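Chemist:
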Amino acid sequence: EPGLYIVATPIGNLADLSPRAADILARADLIAVEDSRVTAGLLRHIGTKRPMIPYHDHNAEGMRPGLIARMTTEAVALVSDAGTPLISDPGYKLVRDARAAGRNVVTIPGPCAAIAALTLAGLPTDRFLFCGFLPSKAKARVDAIGEVAAIRATLIFYESGPRLSACLSALAEGLGDREAAVTREITKRYEEAVTGTLTHLAMRYADAPPKGEIVIVVAPPGDEPLPEAADADAALAEALTRLP
Ligand code: SAM
Numbered sequence: 009e010p011g012l013y014i015v016a017t018p019i020g021n022l023a024d025l026s027p028r029a030a031d032i033l034a035r036a037d038l039i040a041v042e043d044s045r046v047t048a049g050l051l052r053h054i055g056t057k058r059p060m061i062p063y064h065d066h067n068a069e070g071m072r073p074g075l076i077a078r079m080t081t082e083a084v085a086l087v088s089d090a091g092t093p094l095i096s097d098p099g100y101k102l103v104r105d106a107r108a109a110g111r112n113v114v115t116i117p118g119p120c121a122a123i124a125a126l127t128l129a130g131l132p133t134d135r136f137l138f139c140g141f142l143p144s145k146a147k148a149r150v151d152a153i154g155e156v157a158a159i160r161a162t163l164i165f166y167e168s169g170p171r172l173s174a175c176l177s178a179l180a181e182g183l184g185d186r187e188a189a190v191t192r193e194i195t196k197r198y199e200e201a202v203t204g205t206l207t208h209l210a211m212r213y214a215d216a217p218p219k220g221e222i223v224i225v226v227a228p229p230g231d232e233p234l235p236e237a238a239d240a241d242a243a244l245a246e247a248l249t250r251l252p
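The sequence shown begins at 9 in the UniProt record's numbering and counts up one residue at a time.
#1: With a threshold of 16 other CB atoms inside 10 Å of the CB of residue 311, please say whether the residue is buried or exposed.
#2: Which residues bound the beta strand (DSSP E) around Cys139?
#3: Does the Cβ of Phe141 have 16 or more other Cβ atoms within 10 Å, making it buried, or fewer, making it exposed?
#4: Just to confirm my understanding: we take Ile32, look at its own chain, exclude 5 residues before and 5 after, and list those with CB closer than 7 angstroms. What are they?
#5: Can you tell me which residues form a DSSP beta bridge with Val225?
#6: In angstroms with no decimal places, state the Cα-to-Cα distance between Gly11 and Asp105.
#7: On a Cα-Cα basis, can you pick out the residue from Thr207, Asn67, Gly118, Ala122 that is closest to Ala30?
#8: Any idea what DSSP makes of Ala85, helix, strand or coil?
#9: Would you tell me roughly how many angstroms separate the C-alpha atoms of Leu137 and Leu22, rounded to the nearest one?
#10: My assumption, with CB atoms under 8 angstroms, is that Ala189 sits in contact with Leu128. Please give the rounded CB distance.
#11: With DSSP as the reference, label Leu126 as helix, strand or coil.
#12: Assuming Leu183 and Ile153 form a contact by the criterion Cβ under 8 angstroms, report the distance between their Cβ atoms to the nearest whole angstrom.
#13: Please state the DSSP three-state secondary structure of Ala201.
#14: Should Arg192 and Glu221 be called a contact, given that it needs their Cβ atoms to be closer than 9 angstroms?
#15: What is the residue span of the beta strand (DSSP E) that Thr92 lies within?
#16: Assuming contact is defined by CB atoms lying nearer than 9 angstroms, are residue 4 and Arg58 in contact in what I supplied?
#17: Once DSSP output is grouped into helix, strand and coil, what is the label at Gly11?
#18: Taking the straight line between their C-alpha atoms, what separation do you get for Leu38 and His53?
#19: Go through the stretch 20-75 residue by residue and report every complete run of the beta strand (DSSP E) that reaches 3 residues or more, in order.
#20: In the DSSP assignment, what residue or residues form a beta bridge with residue 255?
#21: How big is the Cα-Cα spacing for Asp215 and Glu232?
#22: So Leu102 is in the alpha helix (DSSP H); what residue range does that whole segment cover?
#23: Given this structure, state the Cα-to-Cα distance separating Tyr213 from Val202, to the nearest angstrom.
#24: Once the 5 residues before and after Glu200 are set aside, which same chain residues still bring their CB inside 6 angstroms of it?
Structure, rendered in structure tokens:
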């Protein structure tokens with residue numbers, strides 16, 4: 009059937025591609041992709057080849073009208089390099105415009121790093137807030153953290169290895185020294201989840217930035233020390249004394 013198909017793909021382990029996702033991809037007239045090399049690999053895995061068209065932050069605006077037009081008669085699938093499209097990835101405007109144009113919109117749910125991390129963290133799951141990537145500039149990061157500090161929910165952040173320790177320190181300073189989990193390489197060979205307080209985790213990763221893809225999960229506000237620089241410094245000094 010013609011329309012737009014939002015297809016979640018694996019975040020590491022190819023066996024996580026659902027049979028329905030594989031079926032839709034194999035039958036799509038066109039697949040809108042972030043990186044054609046990545047999606048070509050996935051298609052090879054399921055033994056198929058389909059026409060692909062790039063759809064990413066830099067060309068999305070220009071690509072949308074043509075894609076929406078093609079959805080009248082063709083099945084157009086949208087995928088990201090990994091995980092669920094639209095989640096810290098392009099796509100919501102395509103869905104918005106497809107709907108506005110009266111196209112059929114179908115989702116094929118599957119892997120999502122944020123949800124997978126939440127299931128590994130061992131932190132409350134009744135209320136959570138997905139915060140995406142924090143800004144890389146220090147001032148903007150402090151502001152972004154301040155905006156969520158009072159929210160009574162578990163917080164989920166996407167991050168990359170090199171920035172991890174700085175990010176954890178900024179979180180400790182802005183949120184107080186809450187319990188947290190650093191989850192890494194989910195569904196891959198070196199999957200791990202390391203738990204501890206934010207300052208403990210910041211120390212742990214200070215000298216050894218981990219490789220791979222990371223999700224940070226932070227507990228809701230509780231009775232941890234007040235999020236003031238002085239307290240964070242004291243906690244850091246105290247943590248230092250406990251190092252082997
Ligand atoms: N749309 C994808 C999703 O929700 O699954 C996420 C895309 S975002 C551009 C990429 C970020 O997702 C990475 O920087 C990392 O924070 C997270 N991520 C993706 N795959 C991961 C994995 N296997 N383990 C841990 N984090 C992962």
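All residues carry an ideal CB built from backbone N, CA and C; glycine is no exception.
Bear in mind that the values here come from a model prediction, so they are computed numbers and not experimental data.
Modeler: Let me spell this out:
#1: The structure shown does not extend to residue 311, since the chain spans only 9 to 252, so no value can be given for it.
#2: 136-141
#3: exposed
#4: Tyr13, Val15, Ala85, Ile116
#5: Ile164, Ala189
#6: 12 angstroms
#7: Gly118
#8: strand
#9: 27 angstroms
#10: 7 angstroms
#11: helix
#12: 6 angstroms
#13: strand
#14: yes
#15: No beta strand (DSSP E) holds Thr92; DSSP gives it neither H nor E.
#16: This structure does not reach residue 4, given that the chain is present from 9 up to 252, and the question cannot be answered.
#17: strand
#18: 18 angstroms
#19: 38-41, 60-62
#20: Residue coverage of the chain in this structure runs from 9 to 252, which leaves residue 255 outside it and unanswerable.
#21: 25 angstroms
#22: 100-108
#23: 11 angstroms
#24: Arg192
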